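When we follow the working numbering, the leftmost residue of the sequence shown carries the number 216, and every step to the right adds one.
Note that CB positions come from ideal geometry on N, CA and C, so glycine has one too.
Since the model is a prediction, treat every value here as computed from it, not as a measurement.
For reference, the structure is listed below as structure tokens.
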Amino acid sequence: MTNSPLRLTRRKTPILFMLLLFPFLASAQKKITGQVTDAETNNPVFKAAVMIKGSQKGTYTDEKGQYTIDAPAGSTLLFTSMEYELSEIAVGNTTTINVSLKPKVSGLNEVVVIGYGTVKRKDLTGAIASIKAADIKTEGVSNIGRSLQGKLPGVSVESAGGDPGSGTRILIRGVGTLNNANPLYLVDGVQVANINNIAPGDIESMDVLKDASAAAIYGSRAANGVVLVTTRNGKAGKPAFNFRTNLGAQTLAKKYEVLNAEEWATVSNAAHDAGNGGAGLPRLDIAANPSSLGAGTDWQKAIYKTAPIQQYYLSASGGSDFSRYSVSGEYTDQRGIVDMTGYKRYGVRAKTESTKGIIKFGQTFLATREKWNQMSTGWGGQGGNAVGSAMKMIPVYQIYDANAIGGYSGPSGSVVNIPNPVAILHLEDVSYELTSFLANAYAEVAILPYLKYRFNLGYTTSFGTTDDYVRRHVAGDLFQQKTNDMSRVQERNQLVLLENTLNFNRDFGKHSIQALAGYSYQKTRYNYNRMAKTNLPDGIKELDAASGTATVGGNSAESVLLSTLGRVIYTYDNRYLLTASFRRDGSSRFAASNRYGNFPSVAVGWNIHNEHFWHVDPKIVSALKLRASYGILGNQEIGDYQYSAAIASNINYVLGATQQKWFGAIQTAYASPNIKWENTATTNLGVDVSFLKGALNASVDYFFKKTTDVLLNVPIPGSAGASTSPVVNAGTIQNKGIELGMNYTNHIGAFNYNIYGTISAVKNKVIELGTGTQQIFGGQPTHHGASSTLTEAGGEVTGFYLIKAEGIFQSQEEVNAYKDKNGKLIQPYAAPGDIKFLDANGDGIISSADRVHLGSPFPDFEYGIGFNVSAHHFDLNVYLQGVSGNKIYNGVRQDMEGMNLEYNYAKTTLQAWTPAHHTDMPRAVIDDPNLNSQTSSRFLESGSYLRMKTLQLGYTVPDFINAKLHTTSLRAYVSADNLFTITKYKGFNPDLGRTGTILDRGVDYGHVAYPLARVLSAGIQLSF
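Given below as structure tokens:
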């Protein structure tokens, strides 16, 4: 039955059905046209992707934002662009679909604060590094500066110390001055001395202006960079509350190993026996029988404690379309790992904004009260303070002496004057209280939709009081005080800021213009008073109660800064960018003839990815921008009245046969009427690139800074009669470097991860200094050491300048062979076991003339790397930070390995050279005839390190639990800070790169520095 009609019909029916249906299927494909625009600006979006959902078919918009695509009826179109949120539109009966895409609030559309305004990152032409609230919300730190360390390229952040409440030092793109190198700090537009007392929870964003294009709008104060802090504001909606708490324990991160009593006596006896050319010097009585002494007193154990830290933060925010508010309060209590030290801070903040018609007004108010319980300076002893004394105090002595006034023992006899560290902490109370206020109010009038006038009034004040109360005591023969004494120092700083600005912001087709013009008036005033009295009654800390001698003193200073400023930001077609700014400052810190300075800048940018010829797949390169800028910045951070002469009165003298007393005055400083601004010219070249549809972002910047007219003191002969050298513009310093920042975010299923990193390299060089031959020495590391750094033309700022140690003489033959060209011994007092020093100038004598350049305190590069991962409500945050290539002069080792003074020594001295035991530790000899302990490269070490800054594990509860608890979010975490450090440095902390002035950078005064603490903590973050 092969010819059956029925079988034939069944076989052919599907084919016939498809042929009949084909015209209808073809007619279901619709040609869709439309335009894609920016929802905020209404400008066309170029190269937006238009895709049919569930297929690979798609197209891109042209320069007018227009597109054409054939899509089946009932399908869905996806509209995407790297800078915008995804939009999905169903294909209905219409053939025209216009879409407005909402810009993303991240990546290239992230808003960056630039000073007197904001700009989207895609339109940015300057070098600005930013950190947002989301980047610091998991940090369990009390100081916001620590959250920046290693996270922003070109921004060097160092610990100011490990003591409770200690701040940070920020250095932006190297050192271009020998004066104050700190950046300009502004909180909501108002200048502050630092940002150490700002609660991390109050921060909305921090933007660091690094190049002239970004910073020139601040003119004379911007040469060292600018740090802009924006505090949180409320959002429209019902009230939202946030609560955070962090509880932790702090322990000593690293203990300096010293000798116990028996070990000390053994080394001390060996050192005395080797003295006097080997004939020996009398041993100390307290070291007569080492084996009977045992371990003795562990002075470091006596002062170091496990210390708690607790932090609490509560905020409330909310508002409507016309009014917003944000208020917060915080409390921090940090005990110190050194006994009797600690820090407390109370803070409140309120920020509001309201709009009524064409008028918008707002205010910011911050108030903090801080109190530090500090260590004293050590009663003038060579211990430095309790930390240094605990290392140096001879372990033979006991802590307490019930028969002594005050109850503490102390050194006696011929030992060095090292005070009892426990007595220092308990017999002297040093407290510092600081109350600070910041108030800022503004009113903004929208004259036209694109033209706004803004009036801003800011005020800051801080009042600090230092009380130093010393109880009467007898702590050994060397430290005795018969009366209770007290001093009080009070300081007050005030700043008034008045600003008027006019802002223009308008788009003309493909053209976008932002323009700013303004006037600024700023006045600062400083007051200082000191009072001291002796012989107070026991237990009464009131100056009026004293019956002894009284001393008083005080001074004040004020300055004014008048400024006009302007800026234009122009963008064409989201492709070509131009920024030009200008500021003219007038400062009372200079004489009338040099009072004003001009600070211009210009920058250009090119968004190559928006060009018509750009056809690179966004999956490979999503965005590419080139930047270039040049500008001039200034620095006026010198003391007030430097241009005028200084006269000291109350200089009494006697004259004549009757020896009558006369009152007189002397000139203490010469006038410097010709001084003017330090000027820093900066060139910056940058590239911003985004890969993988914005998942991977990178920025690279190269900069060159040249500072001219550096202000410095020029030496004058003593016969000139003034005690202070005059200040002149007599130096040129250059810095150049490269910076790289990268960030990669992605996910694998429910596993989300983010990897980020930065690396920066800066080199500085002194081009000119003074008369050309002037040398500036600094960095005296110990009580008995010479300077260790040198700044001079042709070298680096504060480069290490030291006699070079070349090892140990292992035999008398080696000593005898070390001769000059005339056959004379170069080190005539040396013996086997002593240090061999380089006779660098070949004169046959080891002296300060043999010092050579031996490295820099500035690292070759700094870096930071971190990653955040989250999955199934758990999150892990890891951050490592480090530096490489810098040197540190270890003043602690110079003190503790000298074996030439009568105090305790480092544990390493047990390895001192002996005829039977040849080591790299010189021999123990108390009179040190070869000067083994002198300032030399023996104590210069690598400062490179890698530190685990933060390791944090958190858990965020699921939404159903939040629903039951009536909370928005709840997260708990455990954290470890400063968990470990990988370094060859032998001191307490390689991060302590600068204590004191810039000329002391890289010199570790570890005998007075507060050690670093390791912190283990747990916390809760709650929103409701």
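Self-check item: The alpha helix (DSSP H) enclosing P636, as first and last residue numbers
Solution: Taken as a continuous stretch (DSSP letters only), the alpha helix (DSSP H) holding P636 covers P636 to L642.
Practice problem: Taking only beta-carbon positions, decide if F1239 is within less than 8 Å of chain D. | Solution: As a matter of chain content, chain D is missing from the structure shown, which is built from one protein chain.
Quiz item: What are the partner residues of R1162, as DSSP defines its beta bridges?
Solution: Q1096 and T1196.
Quiz item: From which residue to which residue does the alpha helix (DSSP H) around L1180 run?
Solution: Following the DSSP letters along the chain, one finds L1180 inside the alpha helix (DSSP H) bounded by residues D1174 to L1180.
Practice problem: State the DSSP-derived secondary structure class of I1018, mapped to helix, strand or coil. | Solution: Here I1018 sits in strand by DSSP.
Quiz item: At which residues does the alpha helix (DSSP H) containing V482 begin and terminate?
Solution: V482 -> alpha helix (DSSP H) spans A476 to A489.
Self-check item: Rounded separation between G416 and I351 - CA only
Solution: Each residue's Cα considered, the two are about 8 Å apart.
Quiz item: What's the call for F1203, buried or exposed, on a 16-neighbour Cβ count within 10 Å?
Solution: Classification for F1203: buried.
Practice problem: Please work out which residues of its chain come closer than 8 Å, Cβ to Cβ, to G621, disregarding the five sequence neighbours upstream and downstream, and give them in chain order. | Solution: Only residues of its own chain outside the window of five on either side were considered, and among them A638, L642, R686, R687, H688, V689 and A690 have a CB closer than 8 Å to the CB of G621, listed in chain order.
Self-check item: Extent of the continuous beta strand (DSSP E) to which V328 belongs
Solution: Element bounds for V328: V326 to V328.
Quiz item: Relative to the C-alpha of T922, which residue among M957, E954 and G846 is closest?
Solution: Checked all of M957, E954 and G846; the closest Cα to T922 is G846.
Quiz item: Is S506 helix, strand or coil when you go by DSSP?
Solution: Residue state, collapsed to three classes: helix.
Exercise. Determine the DSSP secondary structure at F580, reduced to helix, strand or coil.
Key: Residue state, collapsed to three classes: strand.
Practice problem: Whole angstroms is fine: what's the gap from S778's alpha carbon to I1213's? | Solution: Pairing S778 with I1213, the inter-Cα distance amounts to about 29 Å.
Quiz item: How close, in whole Å, do the beta carbons of N412 and E585 come, if the pair is a contact with beta carbons under 8 Å?
Solution: The pair is a contact, with the Cβ atoms about 6 Å apart (cut-off 8 Å).
Practice problem: Report yes if the C-beta distance between A605 and Q515 is below 8 Å; otherwise report no. | Solution: Yes, the pair counts as a contact, with Cβ atoms nearer than the cut-off.
Quiz item: At what residue ranges does the region 419-486 contain a whole run of the alpha helix (DSSP H), taking only runs of 4 or more?
Solution: For the region 419-486, whole alpha helix (DSSP H) runs of length 4 or above, ordered along the chain, are 427-430.
Practice problem: Name the two residues that bound the continuous beta strand (DSSP E) containing S1238. | Solution: First-last of the beta strand (DSSP E) with S1238: A1228 to S1238.
Quiz item: Excluding five sequence neighbours on each side, which residues of the same chain lie with their C-beta closer than 6 Å to the C-beta of T333?
Solution: Taken in chain order, the residues that qualify are V326.
Quiz prompt | Length of the line joining the Cα atoms of L984 and T895 | solution = Cα to Cα, L984 sits roughly 16 Å from T895.
Self-check item: When Y743, A1032 and Q613 are compared against N770, the one with the closest alpha-carbon
Solution: The option with the nearest alpha carbon to N770 is Y743.
Quiz prompt | N-terminal and C-terminal residue of the alpha helix (DSSP H) that V1107 is part of | solution = Taken as a continuous stretch (DSSP letters only), the alpha helix (DSSP H) holding V1107 covers G1106 to M1111.
Quiz item: What span of residues does the alpha helix (DSSP H) with Q515 cover, start to end?
Solution: Its alpha helix (DSSP H) spans residues W514 to I518.
Quiz item: For L793, which of V265, F1195, P318 and L339 has the nearest alpha-carbon?
Solution: Minimum Cα-Cα distance from L793 among the listed residues V265, F1195, P318 and L339 corresponds to L339.
Self-check item: Status (buried if at least 16 other CB within 10 Å, exposed otherwise) for N1119
Solution: The residue in question, N1119, is buried, as its Cβ has 16 or more Cβ neighbours within 10 Å.
Self-check item: Same chain, Cβ closer than 6 Å to N484, five either side skipped, listed in chain order
Solution: Excluding residues within five positions, the ones whose Cβ falls inside 6 Å are R498 and A502.
Self-check item: Closest by C-alpha distance to W594, when choosing among T570, P664, E648 and Y684
Solution: Of the candidates T570, P664, E648 and Y684, the one whose C-alpha sits nearest the C-alpha of W594 is Y684.
Quiz item: Just how far apart, CA to CA, sit V711 and N475?
Solution: Cα-Cα distance, rounded: 57 Å.
Practice problem: State buried or exposed for L301, treating a residue as buried only when at least 16 other CB atoms are found within 10 Å of its CB. | Solution: Burial is judged here by how many other beta carbons sit within 10 angstroms of a residue's own beta carbon; L301 has fewer than 16 and is exposed.
Quiz prompt | Pick from Y674, L1040, H1088 and Q705 that is closest to I194, judged by C-alpha positions | solution = Lying before the first or after the last residue shown, residue 194 is absent from the chain, which here runs from 216 to 1239.
Self-check item: Inter-residue spacing [alpha-carbon to alpha-carbon] between Y168 and G1097
Solution: Outside the displayed span of the chain (216 to 1239) sits residue 168, for which this structure offers no information.
Quiz item: How would you write the range of the alpha helix (DSSP H) that K571 sits in, first residue to last?
Solution: From DSSP, K571 is part of no alpha helix (DSSP H) but of the beta strand (DSSP E) over G557 to K571.
Quiz item: How close, in whole Å, do the beta carbons of A342 and D916 come, if the pair is a contact with beta carbons under 8 Å?
Solution: In this structure, A342 and D916 form a Cβ contact; the two beta carbons are roughly 5 Å apart against a cut-off of 8 Å.
Practice problem: Using a threshold of 8 Å, state whether the C-beta atoms of K1051 and I1018 are closer than that. | Solution: Taking C-beta atoms as the reference points, K1051 and I1018 fail to come closer than 8 Å.
Self-check item: Buried/exposed call for P259, threshold 16 Cβ in 10 Å
Solution: Counting Cβ neighbours within 10 Å, P259 comes out buried, since at least 16 surround it.
Self-check item: DSSP-derived helix/strand/coil call for D1135
Solution: Coil, per DSSP.
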